Amino acid sequence: MAAAATGAGLLGAAGRPVALITGGSSGIGRAMALSLARKGFDLALVSRGAERLEAARTEISAAVPQARIAVRTADVGDADQAREAVAGITAELGVPRWAVMNAGVARPGRFLEQPLDDHLMQMRTNYLGALHVAHALAPAMADAGGGRMIFVSSGAAFFGIYGYGAYAPSKFAMRGLAEVLRVELADRDISVTLAYPPDTDTPQLVAENETKPAATKAITAGGGLWPAERVAEKIILAAEKGRFTVAPGLQMQLLARGHSLLSPALRLWQARVARSHRD
Numbered sequence: 009m010a011a012a013a014t015g016a017g018l019l020g021a022a023g024r025p026v027a028l029i030t031g032g033s034s035g036i037g038r039a040m041a042l043s044l045a046r047k048g049f050d051l052a053l054v055s056r057g058a059e060r061l062e063a064a065r066t067e068i069s070a071a072v073p074q075a076r077i078a079v080r081t082a083d084v085g086d087a088d089q090a091r092e093a094v095a096g097i098t099a100e101l102g103v104p105r106w107a108v109m110n111a112g113v114a115r116p117g118r119f120l121e122q123p124l125d126d127h128l129m130q131m132r133t134n135y136l137g138a139l140h141v142a143h144a145l146a147p148a149m150a151d152a153g154g155g156r157m158i159f160v161s162s163g164a165a166f167f168g169i170y171g172y173g174a175y176a177p178s179k180f181a182m183r184g185l186a187e188v189l190r191v192e193l194a195d196r197d198i199s200v201t202l203a204y205p206p207d208t209d210t211p212q213l214v215a216e217n218e219t220k221p222a223a224t225k226a227i228t229a230g231g232g233l234w235p236a237e238r239v240a241e242k243i244i245l246a247a248e249k250g251r252f253t254v255a256p257g258l259q260m261q262l263l264a265r266g267h268s269l270l271s272p273a274l275r276l277w278q279a280r281v282a283r284s285h286r287d
């Protein structure tokens, strides 16, 4: 990967590498954008919220005036919008050297109570959003000499968690995609990193907690609350080193290394917690 990281094909139009970040207007995505800009990257930020995108561009431009920042308002869950965003970014800045598939949403709820639309919305945003961008970008990235793809998943991708019947499958699917691309894209000098962030202090977590059942709150407690900047640093460091997985925090590290062995015990524990919170 070292040769691809310095190849001329991976430098943007201004001679700086380009990082594309979906969900780049807030939370982990915004923190990663600022950190990468400080490392010498130009940025392409993609999000559905135009106002947040402009606010992120203003903040990062003030901190790193030399960074060029392109923004695209797009719903990456829509394949056409994702393709158009990638094409526009590539035309404006050049082929991204890094692509961070970070756009996501979590709306927990009990399966018997949660509408089907919640399931479809989370699969569309979390999994298909990542798939659409990766599929649109991978050929150009390979032709340019390689790069890095980072998929921001969740601890919910390790095992079934009460209250995440809609959310967890979308992150399981992302994990599966990253596992395949890690193997298939290696000979094109595209490295893949799969991130499992702990609970992170973001607007998304605030929204998630609004619908999270009491049992889910009890089950997911214990990992602490991480600042987005610290999580971003961990993910970037792992990607720079070419690591496939990054799981900040002891809780995530234990799950990443031993979730298959721990799953039976975790299912029993969850059942006890769920019974204690039964309405």
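Just so we're aligned, residue 9 is where the sequence shown starts under the numbering used here, counting upward by one.
Where is the CB? At the ideal position from N, CA and C, for every residue including glycine.
Nothing here was measured: the structure is a model prediction, and the numbers come from that model.
Judged by beta-carbon spacing, P256 lies within the 8 Å limit of V239, meaning their Cβ atoms are closer than that value.
DSSP places G155 inside the beta strand (DSSP E), whose first and last residues are G155 to V160. The alpha carbon of E187 has as its nearest neighbour, out of Y175, L120, A174 and L202, the alpha carbon of L202. Counted as a single uninterrupted DSSP element, the stretch harbouring L193 is not any alpha helix (DSSP H), since DSSP gives it neither H nor E. Contact fails between the region 71-84 and the region 172-187, because fewer than three Cβ pairs, one in each stretch, are under 8 Å apart. The distance from the Cβ of G112 to that of Q212 is about 7 Å, consistent with a contact at the 8 Å cut-off. Note on K220: 16 or more other CB atoms within 10 angstroms of its CB, so buried under the neighbour-count rule.
The shortest CA-to-CA distance from T30 to any of M109, A45, F49 and I68 is the one to M109. Between the region 121-134 and the region 162-174 there are three or more C-beta pairs closer than 8 Å, enough to call the two in contact. By the neighbour-count criterion, in which a residue is buried when 16 or more other Cβ atoms sit within 10 angstroms of its Cβ, F119 is exposed.
Counting along the chain, A78 sits inside the beta strand (DSSP E) bounded by residues I77 to T81. Only residues of its own chain outside the window of five on either side were considered, and among them R60 and P211 have a CB closer than 6 Å to the CB of S34, listed in chain order. Contact check for T208 and A236: beta-carbon distance about 5 Å, within the 8 Å limit, so the pair qualifies. Looking at the DSSP output, L202 shares a beta bridge with F159 and T253.
A straight line joining the alpha-carbon of S268 with that of R275 spans about 11 Å.
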